[in-house]
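*Asks:* For reference, the structure I am asking about is given below.
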Amino acid sequence: MHKRNFMLGCSLAAATLLAGTAMAQDNTFKIGLIAPLTGPFASTGKQLEAAARLYIAQNGDTIAGRKVQLIVKDDTGVPDVTKRIAQELVVGDKVHVLAGFGLTPLALATAPIATQSKTPMVVMAAATSIITEASPFIVRTSFTVPQVVTVLADWATKNNIKKVVSLVTDYAPGIDSEKFFNQRFQANGGVVVEMLRVPLRSPDFAPFLQKVRDAKPDALFTFVPAGQGSVLMKQFTERGLDKAGIRMIAEGSVTDDDILNGMGEAAVGVVTAHHYSAHHKSERNKKFVEAFGKANGGLRPNFMGVGAYDGMRVIYEAAKATKGQGGEPLLNAMKGQVFESPRGPMYIDAQTRDVVHSVYVRRVERIDNQLWNVEIQTTTDVKDIGKTR
Ligand code: PHB
271 MHKRNFMLGC SLAAATLLAG TAMAQDNTFK IGLIAPLTGP FASTGKQLEA AARLYIAQNG
331 DTIAGRKVQL IVKDDTGVPD VTKRIAQELV VGDKVHVLAG FGLTPLALAT APIATQSKTP
391 MVVMAAATSI ITEASPFIVR TSFTVPQVVT VLADWATKNN IKKVVSLVTD YAPGIDSEKF
451 FNQRFQANGG VVVEMLRVPL RSPDFAPFLQ KVRDAKPDAL FTFVPAGQGS VLMKQFTERG
511 LDKAGIRMIA EGSVTDDDIL NGMGEAAVGV VTAHHYSAHH KSERNKKFVE AFGKANGGLR
571 PNFMGVGAYD GMRVIYEAAK ATKGQGGEPL LNAMKGQVFE SPRGPMYIDA QTRDVVHSVY
631 VRRVERIDNQ LWNVEIQTTT DVKDIGKTR
């Protein structure tokens, strides 16, 4: 009798425990954030994670009575790893949404998982035009390369740049940069004398920069992914391109806010086009930059950080609307969101699920002994043109 009572007690306890677990599961809203936290693109991962955590700290960790659980995983920047982690997050952790994606190949590798499992996937970093077409469950809060480089091409033409050499990283966003900048620049009457591509991993720009020097263009147009701009800038001056009177114009990843200060005098005067500058003059951005720095030992947010911060906004507001339900309802609640980001006004186009925002031409300037991307021109409501070619 004694033993029976004991057994009964045990199974009840187990049942209560199980019910408790089930309830905990029902009462969570899970976000699976996949980012390169180690390896050559760790600076991107750091920005994504820091911004996501900041958003939660500022906006609370409960949505519609559910506890928000941010599950952060390191994919080291390798597509097969991203895909495997996404699978585990969807099947094992039953996340409501996948987020992050520091590089285009990582987003493309994961797209089929989002489609098959009907899990919304928020691309916070990667920027090749084609990404949103890889799955109907993808929503993008970063930017697209064609959006920004076409604005830069128009600026270059209007600013007496007639002859360029393009130098890009040899993978999808680099190829988008090369194609869309050069096409627009040539349509404006400009001449592209040479097109150069450097490898993504451990690039040595020096031999390519020598070729640029020999070609004597008015300007070098360049794209490298976040984190690689410092090496490029150093080799640009070491090879004497600045002294030879060759200007540098670039897709904004090159003068990445979180490493810009370390680039030194060589960066001053470089003109880029992008959707976010830590120097953007708005109350919203001032607060964001301050809070981000305070939470991260003085680190400046860059465009990766803002992509993640805004991505969290899109997820939170959608989850509030669906009361924590995932799948297609969550995806639909992400479409068409309009809001004021630290970058400026933005919205998620309900048809394309892609970001629409202002694109700024910026010039690197030294202000109070710090380097900033200072906005000198604004084009509003820029849609991705990559998909309408
Ligand atoms: C990308 O892989 O899509 C990507 C990565 C870093 C950038 C821009 C684009 O700075």
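Numbering (my numbering), first residue to last: 271 to 659.
Ideal Cβ positions, reconstructed from N, Cα and C, are used throughout, including at glycine.
Keep in mind the model is a prediction, meaning the values are calculated, not measured.
At a threshold of 6 Å, does Leu318 count as lining the ligand PHB (C-beta to nearest heavy atom)?
*Replies:* No, the ligand PHB has no heavy atom inside 6 Å of this Cβ.
*Asks:* Could you give the C-beta distance for Val421 and Val608, rounded to a whole number, given that I count them as a contact under 8 Å?
*Replies:* Contact flag wrong, Cβ pair sits at about 21 Å.
*Asks:* At a cut-off of 6 Å, would you count Thr507 as near the ligand PHB, judging by its Cβ distance to the nearest heavy atom?
*Replies:* Outside the cutoff, so no.
*Asks:* In the DSSP assignment, find the unbroken alpha helix (DSSP H) run with Thr500 in it and report its ends.
*Replies:* For the sequence presented, residue 500 should be read as Ser rather than Thr. Residues Gly499 to Glu508.
*Asks:* Tell me, to the nearest whole angstrom, how far the beta carbon of Val463 is from that of Ala489; I am working on the premise that it is less than 8 Å.
*Replies:* The pair is not a contact, with the Cβ atoms about 11 Å apart (cut-off 8 Å).
*Asks:* CB-CB under 6 Å to Asp526, same chain, minus the five flanking residues each way: which ones, in chain order?
*Replies:* If we look at Asp526 and ignore the five residues flanking it on each side, its Cβ neighbours are Ala496, Gly499 and Asn572.
*Asks:* Buried or exposed: where does Thr291 fall if 16 or more other Cβ atoms within 10 Å of its Cβ makes it buried?
*Replies:* Reliability of the predicted coordinates at Thr291 is poor, the pLDDT of 38 falling under 50, and the value obtained from them is presented with this limitation in mind. Per the 10 Å Cβ criterion, exposed.
*Asks:* Between Ala426, Thr650, Glu635 and Pro615, which lies nearest to Ser552 when the distance is taken from Cα to Cα?
*Replies:* Checking every option, the nearest Cα to that of Ser552 belongs to Pro615.
*Asks:* Do Ala334 and Lys593 have their CB atoms nearer than 7 Å?
*Replies:* Contact flag set, yes.
*Asks:* Let's see if you can read the secondary structure: which residues bound the alpha helix (DSSP H) around Thr427?
*Replies:* Counting along the chain, the alpha helix (DSSP H) containing Thr427 begins and ends at Val415 to Lys428.
*Asks:* Going by the C-beta, is Thr542 closer than 6 Å to any heavy atom of the ligand PHB?
*Replies:* Because no heavy atom of the ligand PHB lies under 6 Å away, the Cβ of Thr542 does not count as near it: no.
*Asks:* Rounded to a whole number of angstroms, what is the C-alpha to C-alpha distance between Tyr617 and His627?
*Replies:* If you take the alpha carbons of Tyr617 and His627, they lie about 7 Å apart.
*Asks:* For the putative contact between Val211 and Thr507, defined by C-beta atoms under 8 Å, what is the C-beta separation to the nearest angstrom?
*Replies:* Only positions 271 to 659 of the chain appear in the structure, and residue 211 is not among them; the question remains open.
*Asks:* Could you pull out every residue in the same chain whose Cβ sits closer than 6 Å to the Cβ of Ala356, ignoring the five residues on either side in sequence?
*Replies:* Excluding sequence neighbours, Ala356 sits near Leu368, Thr380 and Ile383.
*Asks:* May I have a chain-ordered list of the alpha helix (DSSP H) segments no shorter than 4 residues that lie completely inside the region 365-391?
*Replies:* Runs found: 374-387.
*Asks:* Would Asn429 be called buried (16 or more neighbouring beta carbons within 10 Å of its own) or exposed?
*Replies:* The residue is exposed, with fewer than 16 neighbouring Cβ atoms inside 10 Å.
*Asks:* Less than 6 Å between the CB of Ala305 and some heavy atom of the ligand PHB, yes or no?
*Replies:* Result no, Cβ not under 6 Å from the ligand PHB.
*Asks:* Assuming Gly614 is part of the beta strand (DSSP E), what are its boundary residues?
*Replies:* Per DSSP, Gly614 belongs to the beta strand (DSSP E) from Gly614 to Ile618.
*Asks:* Buried or exposed: Ala578, going by 16 or more other Cβ atoms within 10 Å of its Cβ?
*Replies:* Result: buried.
*Asks:* Among Ala476, Thr352, Phe299 and Gly309, whose alpha-carbon lies nearest the alpha-carbon of Arg336?
*Replies:* With distances taken between Cα atoms, Arg336 lies closest to Phe299.
*Asks:* Here's a check: name, in chain order, each residue in its chain whose Cβ is nearer than 6 Å to the Cβ of Ala397, leaving out the five neighbours to either side.
*Replies:* Hits under 6 Å: Ser412, Phe413, Thr414, Val415 and Pro443.
*Asks:* Once you ignore the five residues that flank Val360 on each side, which residues in its own chain have a CB closer than 8 Å to its CB?
*Replies:* Around Val360: Gly302, Leu368, Ile383, Ser387 and Thr389.
*Asks:* Compare the beta carbon distance of Arg517 and Leu479 with 7 Å and say whether it is the shorter of the two.
*Replies:* In this structure, Leu479 does not lie closer than 7 Å to Arg517 by Cβ.
*Asks:* Mapping the DSSP letters down to three states, classify Ala396 as helix, strand or coil.
*Replies:* Residue state, collapsed to three classes: coil.
*Asks:* Measure the alpha-carbon distance for Ala294 versus Ile341 and round it to whole angstroms.
*Replies:* Because the pLDDT of Ala294 is 41, which lies under 50, any placement of that residue in the model is unreliable, and the number read from its coordinates should be weighed accordingly. Approximately 15 Å, taken between the alpha carbons.
*Asks:* Within 10 angstroms of its Cβ, does Thr374 collect 16 or more other Cβ (buried), or is it exposed?
*Replies:* Looking at its Cβ environment, which holds 16 or more other Cβ atoms inside 10 Å, Thr374 is buried.
*Asks:* Near Leu600, which residues of its chain fall below 7 Å by C-beta distance, leaving aside the five closest residues on each side in sequence?
*Replies:* Hits under 7 Å: His366, Val367, Pro390, Ala588, Ala589 and Thr592.
*Asks:* Please tell me whether, using a cut-off of 6 Å, the distance from the CB of Ser523 to the nearest non-hydrogen atom of the ligand PHB is below it.
*Replies:* Ser523 Cβ: within cutoff of the ligand PHB.
*Asks:* Thinking C-beta only, is Gly372 closer than 7 Å to Ala312?
*Replies:* No; because the gap between Cβ atoms is not below 7 Å, this pair is not in contact.
*Asks:* Can you list, in chain order, the residues of its chain with a C-beta nearer than 6 Å to that of Val225? Leave out the 5 residues immediately preceding and following it.
*Replies:* Beyond the ends of the chain as shown, which are 271 and 659, falls residue 225; an answer cannot be given.
*Asks:* Pull up the distance between the alpha-carbon of Asn555 and that of Gly597, whole angstroms please.
*Replies:* In a straight line, the C-alpha of Asn555 is about 32 Å away from that of Gly597.
*Asks:* From Asn602 to Glu645, what distance separates their C-alpha atoms?
*Replies:* The straight-line gap from Cα to Cα measures roughly 34 Å.
*Asks:* Measuring only from the beta carbon, is Thr235 closer than 6 Å to any heavy atom that is part of the ligand PHB?
*Replies:* Absent from the model: residue 235. The displayed extent of the chain is 271 to 659, so no value can be given.
*Asks:* Among Asn329, Asp363 and Gly309, which residue has its Cα nearest to the Cα of Pro349?
*Replies:* For the residues Asn329, Asp363 and Gly309, the minimum Cα distance to Pro349 belongs to Gly309.
*Asks:* Where does Pro487 land, buried or exposed, given buried means 16+ other C-beta within 10 angstroms?
*Replies:* Result: buried.
*Asks:* From the DSSP output, read off the bridge partner residues of Val644.
*Replies:* Paired residues: Arg633.
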